[in-house]
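Chains as they are written, first to last, in the numbering used here: chain A, -18 to 187; chain B, -18 to 187. Reviewing the structure listed below.
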């Protein structure tokens, strides 16, 4: 059976929502970042990157959100969580998810995890000070150029919407008002209202 | 026909090599970062992120290296550039490429593009000073945990090897000696020796 390692409020929520939407059977294991459990030897055997999510499968362990989201979609093709049968549409979904992973999530991480890339407190403060600007710029691009509407990929709900929802949940902490982005806010509210999301959130924060 | 927008020495080289390996017909357009061509209105219509690569297709324009590499693989399935028919093996390839895109490439970017995430010269210097350490840690993880050997995915050459080669080309500038990573160095030399790589490099740097 699938087993998802997550920490509450992390990007692992996207995989968690996808698992709920997929109808697949799975277990979860909570990793408490507040206790540095992600750096414990026991967890490093699961994921030597000391990150979440990690998805344990019968074949091995998968990491990285865009990879996990597609894998979950492929295990539940009848749910149409990703346009798997059209290479171009699939590439568009991948492109969107890769932008969230390599640019937006990274921008957000500079608010609290500057020590990944620098050593001085003054640098961390500088990064933190720029956070609202960089996240606003990311979401301006998402709103104007990347989201087709009503869903990210157009008429079809997909893993891209779940991932966008997860990253957009960080906007208040980054002091960015989601209401300035109409299409993003609409997707956020739609995903928030889905029963699968409610179940994943309940597990994350209970 | 496919058209690849690239800048010499950028991560677009991975897509360029993949196009050469694929046997697909394509054109290229060089974007000179030294002249800020990536920020010109003409290019922003191609890619509003002001980045490379961009792959123009008959259906639209694709960005983000992991997405483009898989798309090229899907257009040339007879070349087996990605394990497309095995969801788990495909997820492993995706996971590897996402790590390069969202962690390793990002770590490297802190050497010269600190202004994406901070404003002060002192912060840029701090990031630059940490660059060798972060890139070394990334490649230690790649060597010890991610590369199966002899290729990234084991016995089968794939887009992961082309992408790893492209990112590893930055190691000398980041003052990291590739020779400490046996498996990575072996892949680097194998990719470097392939005719497709030579053709892509020739176009990049001529």
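Every residue gets a Cβ at the ideal spot worked out from N, C-alpha and C, and that includes glycine.
- The contact set of residue 2 (chain A) on chain B, defined by CB atoms closer than 9 Å, is empty, because the minimum CB distance reaches about 17 Å.
- Residue pairing by DSSP leaves residue 93 (chain B) without any beta bridge partner.
- For residue -12 (chain B), there is no enclosing beta strand (DSSP E), as DSSP marks it with neither H nor E.
- The contact set of residue 91 (chain B) on chain A, defined by CB atoms closer than 7 Å, consists of 98 in chain order.
- Between the C-alpha atoms of residue 35 (chain B) and residue 39 (chain A) there is a straight-line separation of about 36 Å.
- Going by DSSP, residue 180 (chain A) is part of no beta strand (DSSP E) but of the alpha helix (DSSP H) stretching over 176 to 186.
- Proximity of residue 63 (chain A) to chain B, defined by a Cβ-Cβ separation below 8 Å, is not satisfied.
- The Cβ-Cβ distance between residue 113 (chain B) and residue 165 (chain B) does not fall below 8 Å.
- Where residue 36 (chain B) is concerned, the enclosing beta strand (DSSP E) starts and stops at 35 to 37.
- For residue 117 (chain A), the uninterrupted alpha helix (DSSP H) run begins and ends at 102 to 122, by DSSP.
- The beta carbon of residue 89 (chain B) lies closer than 8 Å to those of 112, 116, 148, 151, 155 in the same chain, with the five residues before and after it left out.
- Ranked by Cα distance from residue -8 (chain B), the options B:110, B:21, B:83 are led by B:83.
- The shortest C-alpha to C-alpha distance from residue 56 (chain B) to any of B:3, B:153, B:176 is the one to B:3.
- Within the stretch 126 to 167 of chain B, the runs of alpha helix (DSSP H) at least 4 residues long that lie entirely inside it are, in chain order, 140 to 149.
- Cβ neighbours of residue 138 (chain A) within its own chain (closer than 6 Å, five residues either side excluded): 132.
- Going by C-alpha positions, residue 153 (chain A) is about 14 Å away from residue 119 (chain A).
- Residues of the stretch 102 to 120 of chain A with a C-beta atom less than 8 Å from some C-beta of chain B are 103, 104, 107, 108, 110, 111, 115, listed in chain order.
- One thing to note: residue 70 (chain A) has its Cβ within 8 Å of the Cβ of residue 134 (chain A).
- With contact defined as three or more Cβ pairs closer than 8 Å, the stretch 13 to 25 of chain B and the stretch 37 to 52 of chain B are not in contact.
- In the DSSP assignment, residue 10 (chain B) falls within the beta strand (DSSP E) that extends over 7 to 11.
- A Cβ-Cβ contact shorter than 8 Å links residue 31 (chain B) with residue 20 (chain B).
- Neighbours of residue 131 (chain A) across chain B, judged by C-beta separation under 8 Å, do not exist; the nearest C-beta is about 19 Å away.
- When the five nearest sequence neighbours on each side are left out, the beta carbons in the same chain lying within less than 7 Å of the beta carbon of residue -18 (chain B) are those of 6, 7, 8, in order along the chain.
- Unbroken beta strand (DSSP E) runs of no fewer than 3 residues, entirely contained in the stretch 32 to 76 of chain A, are found at 35 to 37, 42 to 44, following chain order.
- Inclusion of residue 62 (chain B) and residue 54 (chain B) in the CB contact set at 8 Å is warranted, their separation being smaller than that value.
- Within 9 Å of the CB of residue 86 (chain B), the CB atoms of chain A belong to 83, in sequence order along the chain.
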